[in-house]
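Peer 1: Protein chains in written order, with this note's numbering: chain A, 19 to 136; chain B, -14 to 98.
My questions all concern the structure below.
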Amino acid sequence: GAVVSQHPSWVICKSGTSVKIECRSLDFQATTMFWYRQFPKQSLMLMATSNEGSKATYEQGVEKDKFLINHASLTLSTLTVTSAHPEDSSFYICSARDRAASSYNEQFFGPGTRLTVL
Amino acid sequence: DAKTTQPPSMDCAEGRAANLPCNHSTISGNEYVYWYRQIHSQGPQYIIHGLKNNETNEMASLIITEDRKSSTLILPHATLRDTAVYYCIVRAGGSGNTGKLIFGQGTTLQVKP
């Protein structure tokens, strides 16, 4: 089946530093990837839609200059949390739509990246 | 996309069927019902989706009422590994859909031995 990976699976960083998270579709091409954030005991919150070769579309309230998204190829999207602060500590999850699949088809989710900002 | 309402939590005995309800009374004609689940500290996993007919796959069955205002996800023989948060999501289909999935609070299913 379709597999999406994320790297790293967890990261601890100091306040003020930037952290890059990678999302890869391993066995399919994804024209669209999505980034979610999940705080403890809460549901997933969609942050942005990432389209290959174009600018990401951010959900209302998500700062595009803080959460930089790059979708440079059909198998890779990256999320960079710039100048991270403790309140950015969260579980970041990506998902990908298979380019070749039906438009009704399911999205495939990565395993998530746990970010802790000290 | 239409909103959904799910009970916050449910228990189920191991080996028994788990029936998870979802209300989506404002669903429109081109919107599909999707079910995902999230096991603790993992990414969500697709389970099943449907438009108006009942659907079944190797994981579960999806029963959609005739008026499409509610649905039920059925796990026929729940195991301890089915303990997870189950999300019912309504989303438009068709080639023009954005693909965005908006997650509600879901139902926490606890399967007990």
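For glycine and all other residues, C-beta sits at the position ideal for the given N, C-alpha and C.
Keep in mind the model is a prediction, meaning the values are calculated, not measured.
Looking only at its chain, what residues have a beta carbon closer than 7 Å to the beta carbon of Cys45/A, apart from the 5 residues adjacent to it on each side?
Peer 2: For clarity, residue 45/A is Asp in the given sequence; the question names Cys instead. These residues qualify, in order along the chain: Ala20 and Val21.
Peer 1: Applying the criterion that 16 or more other CB atoms from any shown protein chain within 10 Å of the CB defines a buried residue, is Trp28/A buried or exposed?
Peer 2: The residue is exposed, with fewer than 16 neighbouring Cβ atoms inside 10 Å.
Peer 1: Does the stretch 37 to 57 of chain A come close enough to the stretch 88 to 102 of chain A to have 3 or more Cβ pairs within less than 8 Å?
Peer 2: Taking 8 Å as the limit for Cβ pairs, the verdict is that the stretch 88 to 102 of chain A does touch the stretch 37 to 57 of chain A.
Peer 1: What number of angstroms, rounded off, separates the C-alpha of Gln23/B from the C-alpha of His34/B?
Peer 2: The straight-line gap from Cα to Cα measures roughly 16 Å.
Peer 1: Give me the chain B residues within the contact set of Arg47/A, using Cβ-Cβ distance strictly less than 8 Å, ordered along the chain.
Peer 2: Reading off the sequence, residue 47/A comes out as Gln, not Arg. Those within 8 Å of Gln47/A in chain B number zero; the least Cβ separation is about 15 Å.
Peer 1: To the nearest angstrom, report how far apart Arg117/A and Thr49/A are at their CA atoms.
Peer 2: If I take the Cα positions, the gap works out to 6 Å.
Peer 1: Using CA coordinates, which residue listed in Thr57/B, Lys85/B, Gly89/B and Ala63/B is at the minimum distance from Arg76/B?
Peer 2: Among Thr57/B, Lys85/B, Gly89/B and Ala63/B, the Cα nearest to that of Arg76/B belongs to Lys85/B.
Peer 1: I'd like the list of long-range same chain contacts for Ala47/A, defined as Cβ closer than 8 Å, with 5 residues on each side in sequence excluded.
Peer 2: Sequence inspection shows Gln at residue 47/A; the Ala mentioned does not correspond to that position. The residues are Leu92, Thr93, Asp116, Arg117 and Ala118.
Peer 1: Taking Leu97/A as the query, report the chain B residues whose CB atoms sit under 7 Å from its CB, ordered along the chain.
Peer 2: Per Cβ cutoff of 7 Å: no residues; Leu97/A is ~14 Å from chain B at best.
Peer 1: May I have the straight-line CA-CA distance separating Ile87/A from Thr98/A, to the nearest angstrom?
Peer 2: One C-alpha to the other measures close to 6 Å.
Peer 1: At a Cβ cut of 8 Å, what residues of the stretch 62 to 90 of chain A count as close to chain E, listed as they run along the chain?
Peer 2: In the displayed structure, chain E is absent; the protein chains listed are A and B.
Peer 1: Report the partner residues of Pro6/B according to the DSSP bridge assignment.
Peer 2: Answer by DSSP bridge pairing, in chain order: Thr57/B.
Peer 1: By the three-class DSSP mapping on this structure, what secondary structure does Arg132/A have?
Peer 2: Looking at Arg132/A - three-state DSSP - the assignment turns out to be strand.
Peer 1: By Cβ distance below 6 Å, which residues in the same chain neighbour Gln125/A in space, the five residues on each side in sequence not counted?
Peer 2: Same-chain partners within the cutoff: Ser113 and Arg115.
Peer 1: Give me the Cβ distance between Ser55/B and Asn8/B, rounded to the nearest whole Å; I'm assuming they're in contact under 8 Å.
Peer 2: Yes, Ser55/B and Asn8/B are in contact; Cβ-Cβ is about 5 Å, under 8 Å.
Peer 1: Could you tell me the distance, in whole angstroms, from the CA atom of Pro100/B to the CA atom of Ser33/A?
Peer 2: The first residue shown for chain B is -14 and the last is 98, placing residue 100/B beyond what the model contains.
Peer 1: Using only CA atoms, which one of Asp83/A, Gln24/A, Ala102/A and Asn69/A lies nearest to Gln27/B?
Peer 2: Nearest C-alpha to Gln27/B: Gln24/A.
Peer 1: Please list, in chain order, the residues of the stretch 83 to 94 of chain B that have any C-beta partner in chain A closer than 8 Å.
Peer 2: Hits within the stretch, in order: Thr83, Gly84, Lys85, Leu86, Ile87, Phe88, Gly89, Gln90 and Gly91.
Peer 1: Show which residues of chain B have a CB atom less than 9 Å away from the CB atom of Phe127/A.
Peer 2: Ordered by position in chain B, the residues that pass the 9 Å Cβ test against Phe127/A are Tyr21, Gln23, Gln27, Gly28, Pro29, Gln30 and Tyr31.
Peer 1: Assuming Tyr54/A and Met63/A are in contact, meaning their beta carbons sit under 8 Å apart, how far apart are those beta carbons, in whole angstroms?
Peer 2: Tyr54/A to Met63/A, Cβ: 6 Å. Contact.
Peer 1: Classify Leu16/A as helix, strand or coil using the three-state DSSP reduction.
Peer 2: An answer regarding residue 16/A cannot be provided, because it is not within the stretch 19 to 136 covered by chain A.
Peer 1: If you follow the beta strand (DSSP E) that Asp(-4)/B is part of, which residue opens it and which one closes it?
Peer 2: Asp(-4)/B -> beta strand (DSSP E) spans Ser(-6) to Ala(-2).
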